[in-house]
Amino acid sequence: LPGTWLNLFVTVLSGVTEGIGLTLFIPLFHLISGKALVDLPQPFSGIMASLEGLGVTITPATLLVMIAVAILSALGLGYLQRVMLIRAKQIYSRDLGNAFFQGILRADWGYSSGRSHGEIVNELTLECGRAGNALGSELMALATAVQIGLYMMFSSVISWQLMIMAIGFGVL
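When the letters of the sequence shown are read in order and numbered with this note's numbering, they come out as residues 9 to 180.
Pasting the structure below:
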């Protein structure tokens, strides 16, 4: 499928961006509860230290803005990934259709000569669309598997015990 690696890269980038946004909720809840940022466990204290090193003042308002920007960016990247997937499916279906039509037109088969050209074109067009949809579904399954892996990574950073419980409930 054309653009598969770029599509997967955008999917991973979307997952990482959303994970960062969700990870920032822990320091936000910590600040809202009145605790100091120094009391944050790793890796959250490291994230806050690097943000302060960049000159960002850590307040609940700035964390909310960063969370909103990260989540909206992830949604935008998800939209871009879907647009890229649709375009890749269209290119694949077009190229496959062209190859089929050229093969049929070059062939000297009794089967194709005994049928109307409209019927043959209709069947080939449907098959090309089905092939494009099948490849698109495979790519979406792969992209979803990558995103699940990223979410599990972020979940294990936050709390591996809760991640295990979520997997258990997901199986049920």
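Where a beta carbon is used, it is the ideal one built from N, C-alpha and C, also for glycine.
Just so you know, these numbers come straight off a predicted model, no measurement behind them.
Could you check how far apart the C-beta atoms of ILE28 and LEU45 are, in whole angstroms? I think they sit under 8 Å. Position 20 of the sequence shown holds residue 28. Position 37 of the sequence shown holds residue 45. Going by Cβ atoms, the distance from ILE28 to LEU45 rounds to 17 Å, so no, they are not a contact pair.
Exercise for the section: Please classify LYS97: is it buried, with 16 or more other beta-carbons within 10 angstroms of its beta-carbon, or exposed? Expected result: The residue labelled residue 97 in the question sits at position 89 within the sequence shown. Here LYS97 is buried: its Cβ has 16 or more other Cβ atoms, across all protein chains shown, within 10 Å.
Notebook entry, point to check: Can you list, in chain order, the stretches of the beta strand (DSSP E) that have 3 or more residues and sit fully within the region 27 to 77?
Noted result: Runs of the beta strand (DSSP E) spanning 3 or more residues and lying entirely within the region 27 to 77 do not occur at all.
Mapping DSSP to helix, strand and coil, what is LEU88? Here residue 88 refers to the residue found at position 80 of the sequence shown. Here LEU88 sits in helix by DSSP.
(message) Please list the terminal residues of the continuous alpha helix (DSSP H) segment that includes GLY11.
(response) The residue labelled residue 11 in the question sits at position 3 within the sequence shown. Where GLY11 is concerned, there is no enclosing alpha helix (DSSP H), given that its DSSP letter is neither H nor E.
>> Please identify the residue among ARG95, PRO68, ILE34 and THR70 whose C-alpha is closest to the C-alpha of ASN15.
In response: Numbered from 1 along the sequence shown, position 7 holds the residue referred to as residue 15. Nearest option by C-alpha distance: ARG95.
Whose CA, out of LEU30, SER41 and THR12, lies closest to the CA of ARG90? Within the sequence shown, numbered from 1, the residue matching residue 90 stands at position 82. The candidate whose alpha carbon is nearest that of ARG90 is THR12.
What do you get for LEU93, buried or exposed, if any count of 16 or more other CB atoms within 10 angstroms of its CB means buried?
-> Working through the sequence shown from its first residue, we reach residue 93 at position 85. It counts as buried.
| Using the beta-carbon count (16 or more within 10 Å), is PRO35 buried or exposed? | Here residue 35 corresponds to residue number 27 of the sequence shown, with the count starting at 1. The residue is buried, with at least 16 neighbouring Cβ atoms inside 10 Å.
Short check: CB of TYR100 to CB of GLY140, under 8 Å? For the purposes of this step, residue 100 is taken as residue 92 along the sequence shown, with counting starting at 1. For the purposes of this step, residue 140 is taken as residue 132 along the sequence shown, with counting starting at 1. Inclusion of TYR100 and GLY140 in the CB contact set at 8 Å is warranted, their separation being smaller than that value.
* Asked: From LEU32, GLY176, GLY105 and GLY61, pick the residue whose C-alpha is nearest to that of ARG138; which is it?
  -> On the sequence shown, position 130 is the one that residue 138 refers to. Per the Cα distances, GLY105.
ask   = alpha helix (DSSP H) containing LEU147: first to last residue?
value = Looking up residue 147 in the sequence shown gives position 139. For LEU147, the uninterrupted alpha helix (DSSP H) run begins and ends at 125 to 166, by DSSP.
To the nearest angstrom, how far is the alpha carbon of PHE33 from that of THR19? For the purposes of this step, residue 33 is taken as residue 25 along the sequence shown, with counting starting at 1. For the purposes of this step, residue 19 is taken as residue 11 along the sequence shown, with counting starting at 1. Put simply, the backbone Cα of PHE33 is about 22 Å away from that of THR19.
Point to revise | LEU170, DSSP secondary structure in three states | key: Walking along the sequence shown from the start, residue 170 turns up at place 162. The answer is helix: DSSP assigns LEU170 an H, G or I state.
Next item on the list: Taking 8 Å as the cut-off, decide whether the C-beta atoms of THR7 and PHE162 are in contact.
Entry: Beyond the ends of the chain as shown, which are 9 and 180, falls residue 7; an answer cannot be given.
### Message
In whole angstroms, give me the CA-to-CA distance for LEU180 and MET160.
### Response
Locating residue 180 in the sequence shown gives position 172, where the first residue counts as 1. Locating residue 160 in the sequence shown gives position 152, where the first residue counts as 1. Taking the straight line joining both Cα atoms gives about 18 Å.
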